[in-house]
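S.K.: Numbering-wise, this note's numbering comes out as the position in the sequence shown, counting from 1, plus 4. We put the CB at the ideal spot given by N, CA and C, even for glycine. Input: one structure, supplied below.
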Amino acid sequence: MSSEQTPLAPETAPDAPGPRPRRLTYAAALAALEGLALLVGGVWILVLGITGDPDDRGQAVTGGLTLMVLALLPLLAARGLLGLRGWSRGPAVITQIMALPVAYNLLQADSMAIPAGIALAVVAVAALVLLVNAETTRALGIRGPGNAAK
5 MSSEQTPLAP ETAPDAPGPR PRRLTYAAAL AALEGLALLV GGVWILVLGI
55 TGDPDDRGQA VTGGLTLMVL ALLPLLAARG LLGLRGWSRG PAVITQIMAL
105 PVAYNLLQAD SMAIPAGIAL AVVAVAALVL LVNAETTRAL GIRGPGNAAK
């Protein structure tokens with residue numbers, strides 16, 4: 005057998021990712037929930053913009069399409085988190101940071117938007133806590149400063 009055909013011995017095999025921590029699964033679920041909410045909201049605005057009587061049809065269509073494209077970020081991050089991909093934590097954290105000002109603006113409204121603002125703020129803060137957790141960081145293979153492999 006050539007060296008290319010020789011299977012690796014167990015002690016030399018690359019580290020297989022361990023089981024996914026529950027916190028990471030919860031963070032992925034929250035990111036997916038946000039992505040789905042953005043997608044549904046984008047489709048809703050797009051449909052209303054096309055079928056309804058908006059003040060500016062072009063703006064409604066553009067807003068709906070923008071929300072649908074923005075939904076890709078948390079959805080891709082959720083998929084990466086479930087797959088234990090280290091790159092996925094960045095987009096997931098960015099999504100949560102972008103959600104906080106939106107939640108704040110919803111909380112400033114005098115309407116039915118206040119409960120939505122509360123829900124968004126709770127989800128964003130909970131997801132941030134789950135994403136920066138040490139167990140999540142280890143599962144994703146993210147090393148902090150000074151801990152790089154030498």
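Give the single residue among 92, 46, 74 and 37 whose Cα lies nearest to the Cα of residue 135.
M.R.: With distances taken between Cα atoms, residue 135 lies closest to 92.
S.K.: Where in the stretch 21-89 do unbroken runs of the alpha helix (DSSP H), each at least 4 residues long, occur, reported from the N-terminal end onward?
M.R.: For the stretch 21-89, whole alpha helix (DSSP H) runs of length 4 or above, ordered along the chain, are 26-55, 61-74 and 76-86.
S.K.: Short check: CB of residue 167 to CB of residue 110, under 8 Å?
M.R.: No answer is possible for residue 167: it lies beyond the span of the chain, which begins at 5 and ends at 154.
S.K.: Since I believe residue 50 is in contact with residue 65 (beta carbons under 8 Å), could you give me their beta-carbon distance rounded to a whole number of angstroms?
M.R.: About 6 Å; that satisfies the 8 Å criterion.
S.K.: At the level of alpha carbons, what is the spacing between residue 80 and residue 113?
M.R.: Spanning the two alpha carbons is a distance of roughly 31 Å.
S.K.: For residue 90 and residue 68, I'd like the C-alpha separation in whole angstroms.
M.R.: If you take the alpha carbons of residue 90 and residue 68, they lie about 30 Å apart.
S.K.: My guess is that residue 107 and residue 124 are in contact by the Cβ rule of under 8 Å, so how many angstroms apart are they, rounded?
M.R.: Rounded, the Cβ-Cβ distance is 4 Å, consistent with contact.
S.K.: Just how far apart, CA to CA, sit residue 215 and residue 46?
M.R.: There is no way to answer for residue 215, as the model of the chain reaches only from 5 to 154.
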